[in-house]
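Residue numbers (the working numbering), protein chains in the order written: chain A, 2 to 188; chain B, 2 to 188.
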């Protein structure tokens, strides 16, 4: 797999809230910075922040502009990570952005905290997807709505270490998935 | 390795600040929750929060008490993670706490974003430490001071995926290290 042709999407909507209602979740400063730093660490081509509400995308654009204009060592490191961020209204638009950047459409792979039927394994993805751009989609809130899963190319197996507890923060799940696919660590 | 005999310590002091001065870093709500959830996911025996300032430890104790007294589904999940948190003034006290919990002293393994001479590899730790309790120490701020490294049993190799950027948030580094050691994922 070529990291520069791998992208992450953070999907803010449509996602479920705790009452199983369709919502768009608020952008958090924290996920923005943490996922950007992780994406930069793993050499990704970009981090697509997908939000259906224009005002939320504008908020992110303002945050990015702030760090782009701030000059100190810490800002330099943040900027190097945040320059990977691209804004999109939804996952389909993110797919189009990646297709344009790579010259060919990506394989869109959803992730889920719950296991889903037909999910592909980490090893399979790590071993076979290299030839094509990859867009990994992560949901916020209580996970992406079914119609998002209906439109992806496949779903990745969930992170399951057998403890019976699967409430990892999305910023943490992104890191674990990227390390398994791109970390180059052999056990 | 037995997860229940593995512990993480988050060391708030002594650590370096950006000007290479010895400080104690402030506790963050975020690291507390994220690392507790990750520790619970990986089935750890505990999460030792090491802070030399009593008022900061009391602040954490109050946060833990709050979640212990709140009744709803989200609070239940948080509580299940936060009950792993133990407070200690420093890493030596954390070592003693783990020794008491396990009936034998742990092997104390420091982590570092920068590579350090003599560091042991992930595979070696995953394969050989199982017989003994393990305490993994992570630094906040710009990393643990040298005197902390001088007193540990060994240092783990750094997470290095070859991108030249190693500014992962500590809550993310904890997850990657635990997944490599305990995730049971074979590439």
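We put the beta carbon where it would ideally sit given N, CA and C, even for glycine.
If the cut is a Cβ gap below 9 Å, which residues of chain B does residue i touch?
i, result
"residue 168 (chain A)", "38, 41, 42, 78, 79, 81 and 82"
"residue 135 (chain A)", "Correct list: empty, because the minimum Cβ distance to chain B is about 16 Å."
For residue i, which residues of its own chain have a beta-carbon under 7 Å away from its beta-carbon, when the five flanking residues on both sides are left out?
i, result
"residue 122 (chain B)", "158"
"residue 4 (chain A)", "43, 44, 45 and 183"
"residue 188 (chain A)", "In this predicted model, residue 188 (chain A) has a pLDDT of only 41, less than 50, meaning its place in the structure is not dependable enough to derive any value."
"residue 54 (chain B)", "25"
"residue 76 (chain A)", "68"
"residue 80 (chain B)", "68 and 69"
"residue 65 (chain A)", "83 and 86"
Hey, residue i and residue j: beta-carbon distance below 8 Å or not?
i, j, result
"residue 90 (chain A)", "residue 107 (chain A)", "no"
"residue 136 (chain B)", "residue 95 (chain B)", "yes"
"residue 19 (chain B)", "residue 47 (chain B)", "no"
"residue 190 (chain A)", "residue 127 (chain A)", "Residue coverage of chain A in this structure runs from 2 to 188, which leaves residue 190 (chain A) outside it and unanswerable."
"residue 31 (chain A)", "residue 172 (chain A)", "yes"
"residue 142 (chain A)", "residue 26 (chain A)", "yes"
"residue 180 (chain A)", "residue 180 (chain B)", "yes"
"residue 82 (chain A)", "residue 41 (chain A)", "yes"
"residue 109 (chain B)", "residue 153 (chain B)", "yes"
"residue 85 (chain B)", "residue 37 (chain B)", "yes"
List, in chain order, every chain A residue whose beta-carbon is nearer than 9 Å to that of residue i.
i, result
"residue 113 (chain B)", "Simply none; closest approach about 15 Å."
"residue 46 (chain B)", "Within chain A, no residue comes near residue 46 (chain B); the closest Cβ sits about 12 Å away, beyond 9 Å."
"residue 153 (chain B)", "Per Cβ cutoff of 9 Å: no residues; residue 153 (chain B) is ~22 Å from chain A at best."
Please return the same chain residues whose Cβ sits closer than 8 Å to the Cβ of residue i, not counting the five positions on each side in sequence.
i, result
"residue 174 (chain A)", "112, 114, 139 and 160"
"residue 28 (chain B)", "13, 50, 52, 57, 60 and 61"
"residue 150 (chain B)", "111, 113, 117 and 156"
"residue 148 (chain B)", "15"
"residue 146 (chain B)", "15, 16, 17 and 23"
"residue 21 (chain B)", "143"
"residue 105 (chain A)", "133 and 134"
"residue 120 (chain A)", "113, 155, 156, 157, 158 and 159"
For residue i, list the residues DSSP reports as bridge partners.
i, result
"residue 86 (chain B)", "B:48"
"residue 100 (chain A)", "DSSP, once it has assigned bridges, lists no residue as partnering residue 100 (chain A)."
"residue 123 (chain A)", "Answer is none; residue 123 (chain A) lacks a bridge partner."
"residue 11 (chain A)", "A:50 and A:139"
"residue 24 (chain A)", "A:16"
"residue 155 (chain B)", "B:110"
Sorted by chain position, which residues of the same chain lie with C-beta nearer than 6 Å to residue i's C-beta, five sequence neighbours on each side aside?
i, result
"residue 167 (chain B)", "114"
"residue 169 (chain A)", "none"
"residue 185 (chain B)", "none"
"residue 102 (chain B)", "none"
If the cut is a Cβ gap below 8 Å, which residues of chain B does residue i touch?
i, result
"residue 19 (chain A)", "74 and 75"
"residue 176 (chain A)", "169, 173, 176 and 177"
"residue 164 (chain A)", "4, 41, 42, 43 and 44"
"residue 183 (chain A)", "162"
"residue 147 (chain A)", "Those do not exist, as residue 147 (chain A) stays about 21 Å from chain B at its closest Cβ, beyond 8 Å."
Could you work out which residues of chain A lie near residue i, taking near to mean beta carbons separated by less than 8 Å?
i, result
"residue 50 (chain B)", "Result: empty, since nearest Cβ-Cβ is about 17 Å, beyond 8 Å."
"residue 91 (chain B)", "The contacting residues do not exist; residue 91 (chain B) stays about 26 Å from chain A at best."
Residues of chain A with CB closer than 7 Å to the CB of residue i, please, in chain order.
i, result
"residue 31 (chain B)", "31"
Strictly below 7 Å CB to CB, what residues from chain B border residue i?
i, result
"residue 85 (chain A)", "The contacting residues do not exist; residue 85 (chain A) stays about 11 Å from chain B at best."
"residue 35 (chain A)", "170 and 173"
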